[in-house]
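Asker: A single structure is presented below for examination.
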Amino acid sequence: MKKIIAVANQKGGVGKTTTAINVCASIAHTRRSVLFIDLDPQANATSGMGIQAPKCTIYDCLMARDFIDGAVIETMISGLDMIPASSDLVGAEVELSHVPGREEVLKTILGKIRRDYEWVIIDCPPALGLLTINALVAASSVLIPVQCEYYAMEGLGRLLGNVDRIKESINPRLELEGIVLTMHDSRINLSRQVEKEIREYFEGKVYKTVIPRNVSLAECPSYGKPVLLYNAASSGSRAYLDLAEEIIA
327 MKKIIAVANQ KGGVGKTTTA INVCASIAHT RRSVLFIDLD PQANATSGMG IQAPKCTIYD
387 CLMARDFIDG AVIETMISGL DMIPASSDLV GAEVELSHVP GREEVLKTIL GKIRRDYEWV
447 IIDCPPALGL LTINALVAAS SVLIPVQCEY YAMEGLGRLL GNVDRIKESI NPRLELEGIV
507 LTMHDSRINL SRQVEKEIRE YFEGKVYKTV IPRNVSLAEC PSYGKPVLLY NAASSGSRAY
567 LDLAEEIIA
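Numbering-wise (the numbering used here), the sequence shown opens with residue 327 and increments by one.
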């Protein structure tokens, strides 16, 4: 496996799952093999990829502490496979709490995957609990979506602090992949102001590509499709294709 990226932000409503779905689809669109893992008990990435009531999920892998071939589902996009989630994940943190090496269960599972995926993308829960820690321990980098609205940086320092602690104590290879600005509306002063402040504060760590507030991005999850399949001509689709190129570069 070439690169494992955890998409994380403990603040909800920042476009985390939308970013995870569409980055996966856009990277796969460049003919690279991608494994998408939904680690969020809300399972919005799973439904957003058109997968309903999966028989085997990441929860089953975590409980078995092993990779299960049957958990991998081929998606509608060539080269993009997925390990879906279910609401069973709600209890996973409690069930794993007494397991020795509980922070490294996902890392162990990924190490047993036989197919040589070029990219693995993990959609984390909007919390800094054991599931997110598992993702950060397994990952080579973390991608942080930040909404271009008031309180945009709320909790960001705490997340970056946790990333640093995990890097120092468990996963020395963990790096900040980058910060992506989402739900940007160039007509609104606040969006422009937030973008300016974040770019100044996190100089060199923020992607040039900005994800706009876009109707197609808002609609496509209800159709169970990445925006690339729902409306490839939309500004949202073009933005995620551009972001994928930046990530790959």
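Every residue gets a Cβ at the ideal spot worked out from N, C-alpha and C, and that includes glycine.
1. Which whole runs of the beta strand (DSSP E) in the segment 363–419 are 3 residues long or more, in chain order?
2. Roughly how many whole angstroms lie between the Cα atoms of E521 and L569?
3. Does the beta-carbon of D395 have 16 or more other beta-carbons within 10 angstroms, so that it is buried, or is it exposed?
4. Exposed or buried, which one is D601 when buried takes at least 16 other CB atoms within 10 Å?
5. Can you look up H510 in the DSSP assignment and give me helix, strand or coil?
6. Take A390 and list the residues in its own chain whose beta-carbon comes closer than 7 Å to its own, dropping the five residues that flank it on each side.
7. Would you list the one or two residues that DSSP bridges to V446?
8. Could you name each continuous alpha helix (DSSP H) segment of 4 residues or more that falls completely within the segment 527–554, going from the start of the chain to the end?
9. Given F528, which residues of its chain have a CB within under 7 Å of its CB, disregarding the five upstream and five downstream residues?
10. For Q473, which residues does DSSP report across the bridge?
11. Specify the secondary structure class of E503 as computed by DSSP and reduced to three states.
12. Might you give, ordered along the chain, the residues of its own chain that have their beta carbon closer than 6 Å to the beta carbon of T401, omitting 5 neighbours on each side?
13. Measure how close the beta-carbons of L415 and S467 come, nearest whole angstrom, since I'm counting them as under 8 Å.
14. Going by DSSP, name the residue or residues bridged to S467.
15. Quick check on the DSSP output: the alpha helix (DSSP H) that includes V340 runs from which residue to which?
Answerer: Here's the rundown:
1. Listed in chain order, the beta strand (DSSP E) runs fully inside the segment 363–419 are 406–409, counting runs of at least 3 residues.
2. Rounded to the nearest angstrom, the two C-alpha atoms are 16 Å apart.
3. The residue is exposed, with fewer than 16 neighbouring Cβ atoms inside 10 Å.
4. With the chain running from 327 to 575 in the structure shown, residue 601 is simply not present.
5. Per DSSP, reduced to three states, the secondary structure at H510 is strand.
6. Its chain contains no residue whose beta carbon lies nearer than 7 Å to that of A390 once the 5 sequence neighbours on both sides are disregarded.
7. Answer by DSSP bridge pairing, in chain order: I330 and L361.
8. Within the segment 527–554, the complete alpha helix (DSSP H) runs of at least 4 residues are 541–545.
9. The residues are I505.
10. Per DSSP, T508.
11. Note: E503 maps to strand in three-state DSSP.
12. Counting only residues of its own chain and dropping the five nearest sequence neighbours on each side, T401 has a CB closer than 6 Å to the CB of M375 and M408.
13. Not confirmed; about 23 Å, so no contact.
14. Checking the DSSP bridge columns, you'll see S467 partnered with I331 and E501.
15. Note, V340: premise wrong, no alpha helix (DSSP H); not H, not E.
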